[in-house]
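Reading through the structure tokens given below for one structure.
Residue numbers (the working numbering): 378 to 832.
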């Protein structure tokens with residue numbers, strides 16, 4: 378993209394032929410963040426290949442360097458992390474700039490909470506509007522002192538946002554905490570704080586969320602147990618851990634794979650393969666939903682890579698049918714609902730989605746912004762307090778012809794770029810720069826499959 382620095386970079390994807398080809402997507406963002414954090418707390422050298430080199434993950438790398446870790450990347454794309462050991466994080470000399478990354482912020486707050494250091498977290502305008510109270514509450518109970526910026530009150534509960542300053546407690550207080558809402562970030566923040574807390578720290582999640590933290594903590598040598606009980610999953614970590622360095626191969630991000638997958642389903646005649654995609658059951662909900670809608674998606678060469686299930690996805694254009702999406706699956710695909718709405722717009726009949734309150738506090742209010750954009754493209758939809766009802770076009774190309782205000786949200790931008798591939802008139806994104814946060818190769822990959830990009 379050739380716009381001047383700081384200037385919006387519009388994007389419009391179109392195609393006059395079926396999508397075809399064999400592609401890979403960047404490394405899983407959740408696993409990439411955790412590889413850097415846990416590698417920085419291990420003693421010795423951790424090596425990581427396939428790391429997502431988007432802006433969010435690079436913000437995590439910069440923060441871990443600021444707290445003492447030696448992190449480098451060689452010409453072959455391998456990242457090497459020399460850690461400081463659990464308890465060894467150093468006082469950062471300047472504020473930690475999290476950019477647009479909510480994951481970096483919340484997980485790093487957990488790390489700092491049980492170290493005798495003080496860190497100030499700052500971010501861009503979008504991140505600075507996102508609520509941090511759900512993480513602050515349990516970390517304060519563990520003894521951390523946190524001063525945050527008050528945000529606008531919502532339903533009388535108030536909000537706390539960036540910038541915030543956190544001073545860790547050492548020793549921190551072991552905690553037994555039941556998550557009030559399903560959140561892998563809150564769960565992970567508490568478990569990471571528990572690494573340097575004497576005794577056992579326990580998180581109870583009534584609704585299961587993505588389990589990368591549990592898998593990776595165990596892989597690095599932490600003493601961790603997971604039990605299933607009537608109240609939910611009970612995850613306990615034994616503190617003052619000693620982490621051992623690892624060699625990690627990061628699988629392709631299923632959240633990123635969702636975009637070419639839906640593109641192939643909605644562009645007539647398309648037939649593609651997406652290689653090396655993580656299919657962790659706590660993340661792969663979208664595949665099952667699209668298959669239930671009639672999507673022709675086949676999992677090839679299923680295997681385990683570094684403790685994570687992986688497969689190649691063979692995706693063909695399909696006549697999709699609208700369905701009622703089971704709300705209990707929301708935690709396994711919460712980031713994929715916006716692109717599901719795009720698939721629903723091209724389906725026959727209505728698709729009804731509930732249980733998505735979490736989407737209102739992402740980089741944007743993704744329910745409202747998707748509804749606004751879909752209607753601007755001629756697609757009837759009904760916004761619900763906790764979701765969206767989308768009236769599909771029955772497989773026909775959507776009217777299109779809109780310029781979408783993506784609200785500086787990377788997933789919104791990619792969603793409407795994909796929708797434009799099956800539109801009668803171009804769908805233009807006002808600013809595609811935020812795509813760099815999670816999927817820097819999105820446009821060239823879509824061009825490789827046969828799309829034309831107009832900037």
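No residue lacks a Cβ here, since even glycine has one placed at the ideal position from N, Cα and C.
- When DSSP reads this structure, residue 698 sits in a beta bridge with 725.
- Around residue 704, the same chain offers 731, 732 as residues with beta carbons nearer than 7 Å, after the five sequence neighbours per side are excluded.
- For residue 485, the enclosing alpha helix (DSSP H) covers residues 479 to 490.
- In the displayed model, residue 659 falls within coil according to three-state DSSP, outside both helix and strand.
- Non-local C-beta neighbours of residue 673 in its own chain, meaning closer than 6 Å and more than five positions away in sequence, comprise 693, 695, ordered along the chain.
- For residue 580, there is no enclosing alpha helix (DSSP H); the residue is part of the beta strand (DSSP E) that begins and ends at 577 to 582.
- In the structure shown, residue 527 adopts extended strand secondary structure according to DSSP, grouped into three states.
- In the structure shown, residue 449 falls within a strand segment according to DSSP collapsed to helix, strand and coil.
- Less than 7 Å separates the beta-carbon of residue 814 from that of residue 433.
- Taking 7 Å as the cut-off, the beta carbon of residue 491 is found closer than this to the beta carbon of residue 570.
- Looking at the backbone, the Cα of residue 828 and that of residue 393 are separated by about 8 Å.
- The criterion of a C-beta distance shorter than 7 Å is satisfied by residue 547 and residue 493.
- Contact check for residue 476 against residue 501 passes: the beta carbons are separated by less than 7 Å.
- In the DSSP assignment, residue 788 falls within the unbroken alpha helix (DSSP H) covering 787 to 796.
- The alpha-carbon of residue 646 is positioned some 7 Å away from that of residue 396.
- Given a length threshold of 4 residues, each whole run of the alpha helix (DSSP H) inside the region 501 to 573 is given here in chain order: 510 to 518, 561 to 571.
- C-alpha of residue 802 to C-alpha of residue 777: approximately 5 Å in a straight line.
- In the structure shown, the three-state DSSP call for residue 709 is helix.
- Assignment of residue 735 by DSSP, reduced to helix, strand and coil, places it in the helix class.
- For residue 805, the closest C-alpha among the options 811, 812, 797 is that of 797.
- The residue from 504, 525, 503 with its alpha-carbon nearest to that of residue 513 is 525.
- Nearest to residue 765 by alpha-carbon distance, out of 701, 540, 688, is 701.
- Excluding five sequence positions before and after residue 684, the CB atoms of its chain that fall closer than 6 Å to its own CB belong to 592, 596, given in chain order.
- Under the three-state reduction of DSSP, residue 832 is assigned to coil, being neither helix nor strand.
- The bridge partners DSSP lists for residue 496 are 543.
- Around the beta carbon of residue 410, a 10 Å sphere encloses 16 or more other beta carbons of the protein chains shown; the residue is thus reported as buried.
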